[in-house]
Every structure is written in structure tokens, then in C-alpha cells.
Amino acid sequence: MPENIPVGHVIPHTHWDREWRYPLWQTRMMLVEFLDELLEILERDPEYKTFLLDGQVVILEDYLEFKPENTKKVKEYISAGRITAGPWYTLPDLYPVDGESLVRNLLKGVRLSDSLGGHLNIGYTSFGWGQTAQFPQIFKGFGIDFITTAKHLSNRRCPESEFIWESPDGTALLTTKLGYGGRHSLFINAYVPIMHGAVNNSPDYKFNWKESGLIYHEADDANSWKDYFKLRNTGKIRNNLVKEAMDAAWNNTEPTTVKSDRLLLAGCAFSSPLASITEIVRIANSLNEDKKFKMSTLSEYADVLKKRVDIATLRTIKGELRDGPSGDVAANALQTRSYIKRMNKNVQNRIFGNAEPFSVMDCLVGGEYQSKYLNRAMEYMLKAHAHDSINGVTQDKTANDVIYRLAQAEELADIVSNHACGDLIGKIDMSSFNPDDVLLVLMNPTQYVRSEVVKVWVDIPVEQNIWEFDIVDKDGKNLEIQHVSRLEEMVPVHDFNARPWPFTMVRHCIYLKVENLPSFGYSVCRVVPGTRMDQIWKDPTAMRSNSGNDISKSATCMENENLKVTINNNGSINIFDKMTKKVFENLNYFEDTGDNGEYWTFYSPYNNKTYFSHGCQAEIWVEDNGPLSATIGVKLEMNLPAYSIVPERGYKGESRRSDEMRAVPILIHYTLNKDSRRVDVRLVIENRVEDHRMRVLFDTGIRSEFSHAAGHFTVDKRPVKPIREAPNGDFYPEMQTLPQQFFVDVNDRKNGFALLNNCLSEFEAMDNEAGTVALTLFRSTRNAVCTEGRCWSKFPKQKGGQSFGPQEYTYSILPHSGDWVEAGIYKEAVRMNIPLKLIETSKHSGENLPLEKSFLEISDERLVVSALKKCEDRDGYILRLFNPTENRIESNVRIEKAIKHVYLTDLNETRQEELTIGDAGVFTANAGSHKIVTFELAV
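For the sequence shown, our numbering begins at 464 and goes up steadily by one.
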């Protein structure tokens, strides 16, 4: 062969979902058989240079759980570069999870891979349904300077394979996108035709019973619906097809700017190790004089590409890679099985927002960081983040397994939080109190000084005969209080050194106005007895008094210092913002439309019917009304089609919603608190129908050019006007629904409207006169898995994807002036997601901690804390901040005396430089626009 001949880098790999087509243990058995075969191939075939494990390492952990005797062999092959693992632990879908979760996934993946011999130092993201804007910055934070990506950068934006991908902060990395066929280009175009004589997706590619070999299918009544399995490989190399097929794979890489070197990935979802690939490469080289194929590695290909690419000629692509059409990026899975996403957001908040910061606060005064419990919680959560798992695009058993993992992570986070808070409270000096005193410790795990109304349940020993009481702060100042209810109860008090003690008490439900609770800190309050009631003679119930300042003046109106809220007859609301004098009408009404799509893509029936709640007649009542808080309850029903008629293969037969109708009950609680700028909404929908999408809509009246949604370490700014990316100049309607983390905001710089939430993942800012913003509540879809384009695995008896039963949501409506930065929307979203922790305790022998304390203070509230946790590899603590704004921020950070050194680190927690700690324990945090900054606080 002549010198300088173009080279095709053949890299065997698999895309291995821990649980997708089949549940966990069936997939695990397949994995063990697969890796057993791979180890045999590596042992006998020295030409088989390496195998790429899809960028993840969890599957090796899974394998070695069943084959621990192969640990040494696996480590040897990874150390020698013949198996490539990591940098990811699991392969997450990005948008349903928090940015901090992506960092933790890489932290765990890199360390586990290194413990087995090393990790792939490439940003491999062939998975994920859309790629987050901050990926270049995130990968750079782990020492990665090259990205391989997919799903989805369109040819309209970038027809070439190579480009410079730039994060919002300006971090730019060389990136190559996997072209048509993506990660399975050589497998589909070459390996399958060569081994089986048919091209995938062609009419010839179909099962031949006569040449099937050994097949297996359960034929009993209970299991006949399951897939067939081919138990023996009948493939063989067809020499006459090698050149044509390998040329087809080669030509599929034509968009590369480096024609001398082509990336040929050989594998697909659940593909075998391809034992014949080295022989196919040998034959192909014997038949080609104009090109050469070689067994290669992804790192080798990346090194060659970086040397030969002309950087100056490449396009710079900024921001997220999430181009349509929807089928190319699985854009509409964001609210399938929405109950999984809701639970995951709750778990993330409990780990990152409670367990870890409370643990650090406790450790700074001598406590023990519960690493084993938190590591186990993280493991459960990250396993739930695998892209098919978190989206529930699976059989019902798998979705139930995901819920189980999240439930374990939730409990682990809670027990760690309670352990840390209990230990911390035990160190507070309570000597100034009396033995009868009932004490409340208000605990704040966030960076913000908190002043807000909270609901508290105060238990008072029955023998104290207290009917009413006040609550005072550490200085004896009365805090505002609103009594709601009283109930005598007997509850057990657990005691390790005795049997549980019966405790008879009166449980008082109250609202309490918290004032200036310090950041990352606590404050002790005391119950001061007021009116007493003789529990023996049962004095008549004391009559209530009223200040006349109740927030609800009627059954349909609530009003505080900032807002006036009116409930309409159909259950929607109007809001008058007293600060801007703007009226918002038609807020919080419902839209329901048919959905004949599948897990990944929304597709309305051809003859669709869309229903709105405008014409509903609501029941309306007032709850918990007082000077601190009022709640108005609303109940309504929407009559909706029971199901959709779905045509075969999308077009054969009728496509419409059914004539049968069913009532879907909707229960709403609107709450307005004193001094609050937001209306809190608690929503419960009892879903009783199938094949539909339900959204809640808000006619903001704001014609905003852009929407602003919390993303991964940034706020994603997207145009409201649809992007016309279809070949004919149209736009894709299914691409107008977009991801969000904690909030979405629209504003015209004068007036703004924000929707905060702790449970939703998808929104749409509509380009209409009403300035409508929609939050997707759920998509109700049939259970089918796309095993092959023409032949899906269908599970009609598995109804979990329909999301039947009560669907519960919490979100807040916040009108404001200015833009989202000026209005402090990120702060409000954090406050909503991370509530204060309220603990009741008694006088006890403590240590020397004061009655109020802050462990960490950040002067500029525009910086957002992403993590406060223990270091992965050292005894110090990690503080991670990010700047979601367009401007550079310089902020003072005050730390505890226990911290002796502060280091700037990268995301992988490698020290970059030591910072100066000034007087009063203050150091300076500098964060450029959209920058993530990580600090090690060393003890």
C-alpha cells in the first residue's frame, strides 16, 4: 500500500443499557455472557486492540458482582488499554437531572474506572437526548479536551463532523459528532451485511425461520407475549460482500473534515463483542488499495484528529445541541412517566440541598461525615439516572425498580440529614432555658438569609395545659404566629436504653414568620405559654380573637402587601402585582390533547381534539386563613376521551380520540403568605384516561423575545419564536417544548413572569398574543420499546406509561419587575426547592455553640451554590458555586475558623492554586459569566 493512505479507525464497542428492552436481571445475565465472551476474545486475538465500553463503568461493577474471580483479568486489560471504561459511571439523560448530578456521575465514574486500571479521557456522549450547553466547561473541568457527541446537532447548523463547541462561559473544545447511523455506523453498514447477508432496514432484513438456528420463545399463556431469542450465532463472513459493505461504512463518514482518518464505530445497542471484526478488517485491507482499515482506539483516533484538523476552518457552535426533528433527539421523553422525574428532583434536593450541607455544618464543629451512607445514596440515585431508566422508556418492572432505587436514596439522605442535625443540636448551649421549655431549632441549609412563613407542628406536653402560646427568638423578641389547629395525641418516644416511652401531648399546627435565619446556619426559638386550659376539668374552648388582617377576605380573593389574587369560576386565577401595577389574567388553566406518540416523541392524532378547562365550573373554598397565610381550595372536573385510537404503523386505520368520555378530577390549593411575592400552587390530578398530554397554561400577557429557564450551571436563553429548522423552512411543533430545571421566566425587561417548580422538566413559551407559557404535567403513553424500526416490542397489558392515578405537583407563580436576575428568581427557586428544616427539642446539656450561628456566608446572592460536601479524596470540604448571569461576579465568602486553607480546584477536585484567607475568615470568589468555580475548604 502507498504511504499516507487514508485510514479507517475501527473501534469495537457496544451501547449497553443496564435496563431498557428487558429488566435489570435479564439484562445482567446477558451482560455477564457478553463480557465473558469479550475476555475470551481479548485472550486469544492479539489483533483485537481494544473494546470501548460505551463511556461507562457501572457495567463492569455489575459484571464483577457476579464474576469477582475475573477482577484481576479485567484490571489487566484496562491497564493495558484493551478495555476502555468511563469516564461516566452511568449514562444519564441530561435534562431530567441536575447539573450537579452530572458532575457527581463523572466523579464516581473516573474514580471507579481508575481503581480498575484507568479511564477514557474523552467526553464520550453518544447517549443522552440532547446535549447540555455547559458540556465543554464540565468536561474541561475533568481534564478532558476532546468530545465525541451525538443527538443532536443538525446538518443545517453544522454539516461537517468536526466543530468547536463553546459553552456559555466561553470554554471551547474540539468536538466530533457521530454522523448518520451514529455510534453504530460500521456495525449497521458493514458488520451486519457481511455476517448475515442483508442490510439493516432493507426489505431483505427479516427473520428466516428455515435458517434461524436455535431460537427460544416462551409459548405458555402467561409469557407468549415476550420476545423471541436467537441462542446461537449463525452469522458467517461473506467475503464477496466485505468490500462493498466496508466502503459503505467508510462513505458514511464523508462529512469529516479530516479525510485522512475516519472514525468507524463497530457496535450498537446490546451488540456482541464482534468476534469476527479483526478478520473482516484483514479481508477489507486485502481488497482495498486506496484506503486502510486498522483496529484502533478512540484515544488514538482523537490524538490523530487533534494533530491533523485545521482548527481555523471549523465552525464554532455555541450552546446546547438539541436540534430537531423530535425523532432525532427523543425530545419529548421529558414528561413520560413524570412520577419518576418528580421523585428524582426530590431526591436531588434532599442529597445536595439537605444531607450534604447539614453534614458539613456538623463536621465543622466536630461531627462525623456519614460518607458510607451518602455514597450509597449517590449510587442508588446515579443508577436511576441512566437515560432509559430516568425517563421510564421501559417495561413497568424496570420503572418500578427505578422508583425503588430513588426511594432508597431518599431514605438514606433523610437519615443522614437527621443524624447531622441531631448531632449539631446536641452541641448547642441550652443552659439558659428551663426544663419545661419547648424549643424549636430552625435550620437553614441554603446560602440565603431566610425570612418567610413556614408551617410548623408544635407538640406540647399535655400536662402543661397550654391552649395558646407565643414563640420568641433567641433575644426574646416575639415572632409572628398564626394558630390553625390542636389535637391531643399519644406517640412513642424511642429510647435505645429502654422500651419506647408513651408521650401524651397536644399537637398544635401553626404558621410562623421566620425572620433573618442565617445562611448555612440555625437559630433557636422558644415557646412561651399563653392561655392555659385545665385538662382535668376540661375548661370550655377559649374563643378566638382576630386582628382583622386575614389574607383572604372572601372565598375568591387573597391579598398581601405585594399581590392580589382572584380565583375565577373555572378555577383559574388573576393576579394584580401591586409593585408593577400589572394585571395577569387567565393563569393556571388546563389543556389536554391526544397523544398517539410513544415514549420518546409526542404525536397528536390526525383527527385530534384538544380540551381546555375554561368552561369548567369549580367548587371553591377557603382554608387556613389568617394574617400569615391563606389557602383557597379549588375542585373541578374535565371530561376527556378515555383513550386514543392509534393506527398501525402510524398511518393504517383511524387516528383520533375515542368517543367514550371519562371525568378527570383536578384539585388545586392556592396559597399566599404574608410578604410573599409568589402564589404557591399544590395540584393533584387523578388521571383516569389514556393516550394524552396534560399541561397547565398561563397567559402572561408578556411578549418576550426569549424564554429563560434554569439549566445546568446556567440559565438557558432560548428564542420564543420557533426555529425554522425543517428542510422546507417550517418548524417542528414537537420541538417547541423545552427542558427546564427549577424555573422558567419570560420578561420584556419592564415586567416579568416566573414559574418556579420542584417537580417538572418541560415547558413551552408560546409565540402568541397572550404570551402563554405552558408547563407539561405528564404525557400518558402506551408501552412499546423501539427494538427495530419496523418491529417494536409492545406490552399492552403494562399500563405504567399511562400514569394512572393521582399525579401531584408543586409550583409557584411569581410576577416581577425587570428581568430574572434583577428579580432574584434563582434565589426564589432555591428557597422553593430547599425548605427550612424545623426541629423540636427540649433543654439538654449541650456544648458551647451559640443559640444562633451561620457556618458559611456568601455576600453576592447572584452566585448559586451547587454543592457543599466532603472532598472525594481528602479530608476537606468542597464548595461549588456558579454564576448564571452575563456579568463577572466577585464575592466575599466567610468561612469557619476550622478551615485553615482554601484552594481553587477543577471539577475533578484537583487543586489549582491556594487562595488567601483574609481577616474574619473571608476569601474572595471570582466567577466569570456562566462560570463554575470549585473551592476546597481544607481543615
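Don't be surprised by glycine CBs; every beta carbon is placed ideally from N, CA and C.
With a 10 Å radius around the Cβ and a threshold of 16 neighbouring Cβ atoms, Gly676 comes out exposed.
The Cβ atoms of Leu905 and Glu943 lie no closer than 9 angstroms to each other.
A distance below 9 angstroms separates the beta carbons of Trp483 and Val1248. The beta carbons of Leu1201 and Ser1275 sit about 19 angstroms from each other, so the pair does not count as a contact at 8 angstroms. If you ignore the 5 residues before and after Ile1030, its C-beta comes within less than 6 angstroms of the C-beta of Thr1019, Ile1036, Ile1083, Ile1095, all in its own chain and listed in chain order. Note on His1279: 16 or more other CB atoms within 10 angstroms of its CB, so buried under the neighbour-count rule.
Assigned with DSSP and collapsed to three states, Asn854 falls in helix. The DSSP assignment places 609-612, 625-629, 635-640 as complete runs of the beta strand (DSSP E) inside the segment 608-681, in order along the chain (cut-off: 3 residues). Non-local C-beta neighbours of Tyr691 in its own chain, meaning closer than 6 angstroms and more than five positions away in sequence, comprise Ile678, His680, ordered along the chain.
In the DSSP assignment, Glu563 falls within the alpha helix (DSSP H) that extends over 562-578.
Assignment of Glu1353 by DSSP, reduced to helix, strand and coil, places it in the strand class.
Within the same chain, Cβ atoms closer than 7 angstroms to the Cβ of Val879 are found at Ala818, Ser822, Gln833, Tyr836, Leu837, the five residues on either side in sequence being excluded.
Distance check between Cys826 and each of Gly1339, Pro599, Val1293, Val1085 places Gly1339 closest, using alpha-carbon atoms only. Inclusion of Glu1320 and Ser982 in the CB contact set at 9 angstroms is warranted, their separation being smaller than that value. Remark: fewer than three beta-carbon pairs, one from each stretch, lie closer than 8 angstroms, so the segment 953-962 and the segment 1288-1299 are not flagged as touching. Relative to Asp1013, the option among Lys1041, Ala1189, Phe1176, Gly1089 whose CA is nearest is Gly1089.
At a Cβ-Cβ threshold of 9 angstroms, Leu1301 and Val919 count as neighbours. Excluding sequence positions up to five before and after Asn748, its CB lies within less than 7 angstroms of the CB of Lys755, Phe756, all in the same chain and listed in chain order. Judged by DSSP in its simplified three-state form, Asn1150 adopts strand.
Contact between Gly787 and Tyr1195 holds: their C-beta atoms lie close to 4 angstroms from each other, under 8 angstroms. Distances from the alpha-carbon of Trp688 to those of Ser723, Ala1081, Lys1260 put Lys1260 closest.
Along the length of the segment 1081-1120, whole alpha helix (DSSP H) runs at least 4 residues long do not occur. Of all C-beta pairs linking the segment 693-704 to the segment 643-658, three or more are shorter than 8 angstroms, placing the two stretches in contact. Counting only the Cα atoms, Val495 lies some 54 angstroms from Leu1312. Just so you know, the alpha carbons of Glu874 and Asn881 end up roughly 11 angstroms apart. In the three-state reduction of the DSSP assignment, Asn1070 falls in the strand class, which pools E and B.
Between Glu1100 and Ser1329, the alpha-carbon positions lie close to 40 angstroms from each other. Rounded to the nearest whole angstrom, the CA to CA distance from Thr638 to Glu623 is 11 angstroms. Of Tyr552, Arg545, Pro469, Asn664, the smallest CA-CA separation from Leu726 is found for Pro469. The distance from the Cβ of Gly1384 to that of Glu1349 is about 30 angstroms, inconsistent with a contact at the 8 angstroms cut-off.
Under DSSP, Trp551 takes part in a beta bridge, and its partners are Gln519. Shown here, Thr861 sits in a helix according to DSSP, grouped into three states.
Ranked by Cα distance from Val917, the options Thr611, Asn1136, Val721, Glu1399 are led by Asn1136. According to the DSSP assignment, Val767 belongs to the alpha helix (DSSP H) that extends over 761-771.
Taking 3 residues as the shortest admissible run, the segment 868-934 contains the following complete beta strand (DSSP E) segments, listed from N- to C-terminal end: 901-907, 913-924.
For Cys1334, the secondary structure class from DSSP, reduced to helix, strand or coil, is coil.
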